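So the structure is just underneath, and the comments pick up after that.
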Amino acid sequence: MRGPMVDTADGMMALALKRFRRHRLAIAGAVVLAVLASLAATAPLIATILGLDWEAVDLLNRFAPSSAAHPLGTDELGRDLFIRLLYGGRISLLVGLTATVVAALIGTAIGLLAGFYGGRLDALLMRFTDSVIALPLLPLLIVLAAVDLDKLGLPSSLVQSQYVSLYRIIAIVALVGWTTVARLVRGAALTVRERDFVLSARGYGAGGFRIMTVHILPNLISPVIVATTLSVGNVILLESVLSFLGLGIQPPIPSWGNLLTNAQELIWTAPGLAMWPGMLIFITVIALNFLGDGLQDALDPKATD
Amino acid sequence: MTGFLFQRLIQSAVVLAVMSFVIYWLMGLMPGDPIDLMISADPKITSEDAARLRALYGLDKPITERYLNWLGAAVGGDFGFSRLYAKPVPEALLPALANTVRLLGITLCLSLLIGLPAGMAAAIRPYSKTDYTINLLAFAGISLPAFWLALLLIIVFSVFLGVLPAGGVAALGGDGFWDQAKYLVLPVANLTIASVGGHTRYMRAAMIEALRQDYIRTARAKGAGPARVVLGHALRNALIPVVTIVSLDFGFLFSGALITETVFAYPGMGKLIFDAIMGNDYNLALVALLFVTLLILIGNLLADLAYAWLDPRISYR
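So the sequences go chain by chain: A and B.
Numbering of the first sequence is given in the numbering used here, commencing with residue 277 and proceeding in unit increments.
Numbering of the second sequence is given in the numbering used here, commencing with residue 29 and proceeding in unit increments.
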């Protein structure tokens, strides 16, 4: 014996947790994300307590510096910046999470099919994935964001809806964001499908769908979690740049990206307005990246201690 | 090798063909078609006139037929006319291309010159103070929203310090080298900061992997010094995956260029595509997007060749 053997699920989890705890930046990232998420989630409550309204315009009080009434000051229409940041955070975090989860589902499905069936299907799906990765994504997203939904034949109740920009950005980001997960899942599925328990399931007559979902998928959870965590940050960056360019979340709904749209025009009069929304995007994305990096180390099956 | 290259060429051609159809189709879904634009410019046009114009320009035909007509003309060298620039598409495209190549060329050189040594330094002693610091900076660079960084650079260097221009390529009459270089500093800095973190992380990961190999232990055992081990044995092997990843990143780099050019009003391909899409200049947007895709595909092909050249173990059957 070369020391304690760990082969139970509990033991693996404990080891992963131990490795994760050593990753101080990852823990800091998790804490920061928890704080930001709870601030965003409780934004209406905070607004009520502070007596602030994210839509209230006060033209006599434009570009106000920070004060007791307005913790971070006001914007070009005299609206309170702090509460708009919180509401913007709700949208940005929601879009980031939802689009990533949808993208991860697409990627998992494509990766599983390619890795499990192999052969021609694998070659076809992976060439397709490579091609999507090579494309200049941002210009394509801009085209997709500018398409007239009426001409696409979507029901007008959806097109006219106030939240259509929200649904649209989730859909188009998911449409291009699945590639990393697909490649990871495919690679992992390729190795898992040769393992004894899969062969045994085959021997018992389990069908392709059952083997993929019941036997292979649970073994791919950790790479999917890592890839998903790391891509939430990218999705938030994409949403923010599209909204900044005026193509993502449409005002009056605030998002961290569209709060910066006006900041560029006002850069000579009120440079301070550009500070906070970008800072929050930066902090969120770096926290997600630290967290993903820590998870990667912790869940790495090759790591020994 | 030729078989592999041939296969990749076919694949790239297929991607380009599919992309051209998809983008053509999406352009048709943009708000307002060319006739709508004419109507808004001239209120005297009646609906009969509009229908006749639509027939004249072939806009009443099915999408596949219109696409094939466009493709035929494009293959014959006729890329159409740009509404926004009021000149043929290639004449609008080429100056922008030159500007972007200059911006991306300088950026890529700078980013690799900083990122690769930094990644190596981090990989030589993993989990040391140096590694920790470099990692932290790399993560910060990756996580910065490029458009916000651009705004910050403008605020610091143009608004507060007033030492560098906030946008454009040259002042009126400023034709000298230094006059123009001044306008490149902030866009290049912005794009470099946005991409150097990724390059550092790639290099670090590849180098750590290379230093783990048996031939490194052999090299150390036969008495090679640390510099010789890292530079002579590990670097060449570590560069193989880095070359691939860096070239697969061209698309990402171009996306960064679009953001940077738009914020700094730098007249390159990214800003041209953005302006063309926003300004209903569909001929220009279509050709420019396809052209960029073509360049990226060529870049990827070259990377495959470089890969084979760097790694003689790869035979490609």
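Virtual Cβ for every residue (Gly too), placed ideally from N, Cα, C.
Given the structure is predicted, the values throughout are model-derived calculations rather than measurements.
B/F109, DSSP secondary structure in three states:
strand
Suppose you measure from the CA of A/A385 to the CA of B/M297; what does that come to, to the nearest Å?
35 angstroms
Cβ of B/A114 within 7 angstroms of any heavy atom in the ligand GDP? This structure lacks the ligand GDP; in fact it carries no ligand of any kind.
**Message:** So, for A/G372: in the same chain, excluding its five sequence neighbours on each side, which residues have a beta-carbon less than 6 angstroms away from its beta-carbon?
**Reply:** V508, V511 and I512
> When the Cα of B/I142 is compared with those of B/G133, B/G225 and B/R153, which residue comes out closest?
Replying inline: Considering only alpha carbons, the answer is B/G225.
Using the three-state DSSP reduction, which class does A/D356 fall into: helix, strand or coil? Three-state DSSP puts A/D356 in a strand.
According to DSSP, is B/P193 part of a helix, a strand, or is it coil?
coil
*asked:* Cutting at 8 angstroms between CB atoms, please list the residues of its own chain near A/S531, excluding the five before and the five after it.
replied: G364, I367, S368, V371, E515, S516, S519, G524 and I525
Backbone secondary structure at B/P116 - three-state DSSP: strand
Is the beta carbon of B/T135 less than 8 angstroms from the beta carbon of B/V216?
yes
### Task
List the whole-angstrom C-beta distance separating A/I409 from A/T455, where the pair is believed to meet the contact cut-off of C-beta under 8 angstroms.
5 angstroms
**Prompt:** Got a sec: is the Cβ-Cβ distance from B/S283 to anything in chain A below 8 angstroms?
**Reply:** yes
From A/A458 to A/S433, what distance separates their C-alpha atoms?
-> 34 angstroms
Review point. If you drop the 5 nearest sequence neighbours on each side, which residues of the same chain put their C-beta closer than 6 angstroms to that of A/V449?
Key: A375, V511 and L514
Which residues in chain B sit within 8 angstroms of A/N538, going by Cβ to Cβ distance? Going along chain B, no residue has its Cβ under 8 angstroms from A/N538, so there is no contact; the nearest lies around 11 angstroms.
Residues of chain A with CB under 7 angstroms from B/Q39, in chain order?
-> Per Cβ cutoff of 7 angstroms: R403.
Check: Can you list, in chain order, the residues of its chain whose CB lies under 7 angstroms from that of A/V561, leaving out five sequence neighbours each side?
Finding: G509, I512 and L513
Return yes when the Cβ of A/G570 is within less than 8 angstroms of the Cβ of A/L301, no when it is not.
Yes, the pair counts as a contact, with Cβ atoms nearer than the cut-off.
To the nearest angstrom, how far is the alpha carbon of B/A293 from that of B/G327? 26 angstroms
### Query
From the DSSP output, which residues share a beta bridge with A/T560?
Looking at the DSSP assignment, A/T560 forms no beta bridge with any residue, so it has no partner.
What does a CB cutoff of less than 8 angstroms around A/A313 pick up in its chain, not counting 5 residues either side in sequence? L369
Review point. Relative to the C-alpha of B/F319, which residue among A/P412, A/R462, A/I557 and A/R469 is closest?
Key: A/P412
query: Using Cβ-Cβ distances below 7 angstroms, what residues of the stretch 549-568 of chain A are close to chain B?
result: Taking 7 angstroms as the upper bound on Cβ-Cβ separation, chain B lies near residues A550, G554, I557, F558, V561, I562, N565 and F566 of the stretch 549-568 of chain A.
- Query: How many Å lie between A/T318 and A/G349 at the Cα?
  - Reply: A/T318 and A/G349: Cα-Cα distance of roughly 20 angstroms.
Which residues in chain B sit within 9 angstroms of A/L370, going by Cβ to Cβ distance?
Within 9 angstroms Cβ-Cβ: nothing; A/L370 doesn't reach chain B, min ~18 angstroms.
- Item | Among B/L57, B/S48 and B/I51, the one whose alpha carbon lies nearest that of A/L430 | B/L57
Query raised in the report: Would a check of beta-carbon distances place B/S48 closer than 8 angstroms to chain A?
Result: no
Open item on the list: Within 10 Å of its beta-carbon, does B/N311 have 16 or more other beta-carbons around it, so buried, or fewer, so exposed?
Closed with: buried
### Query
By Cβ distance, which residues of its chain are closer than 8 angstroms to B/L122, with the 5 residues on each side in sequence left out?
Nothing listed; no residue qualifies.
| query | Does DSSP put B/T74 in a helix, in a strand, or in coil? | reply | coil
Can you confirm whether the stretch 103-115 of chain B touches the stretch 300-317 of chain B when touching is taken to mean that 3 or more C-beta pairs between the two stretches lie within less than 8 angstroms? yes
Requested in this report: Spell out a yes or no on whether the stretch 144-153 of chain B and the stretch 184-199 of chain B are touching, meaning 3 or more CB-CB pairs, one atom from each, closer than 8 angstroms.
Outcome: no
Check whether the stretch 258-278 of chain B and the stretch 332-340 of chain B are in contact - that is, three or more C-beta pairs closer than 8 angstroms. yes
- Query: Between the stretch 313-344 of chain B and chain A, which residues of the former have CB atoms less than 7 angstroms from a CB of the latter, in chain order?
  - Reply: L317, V320, T321, I324, L325 and N328
Problem - Sheet register partners of B/T228 (DSSP bridge) - result: Per DSSP, none; premise fails for B/T228.
Using a Cβ cut-off of 8 angstroms (strictly closer), state whether B/L286 contacts chain A.
Judged by the 8 angstroms Cβ criterion, B/L286 is in contact with chain A.
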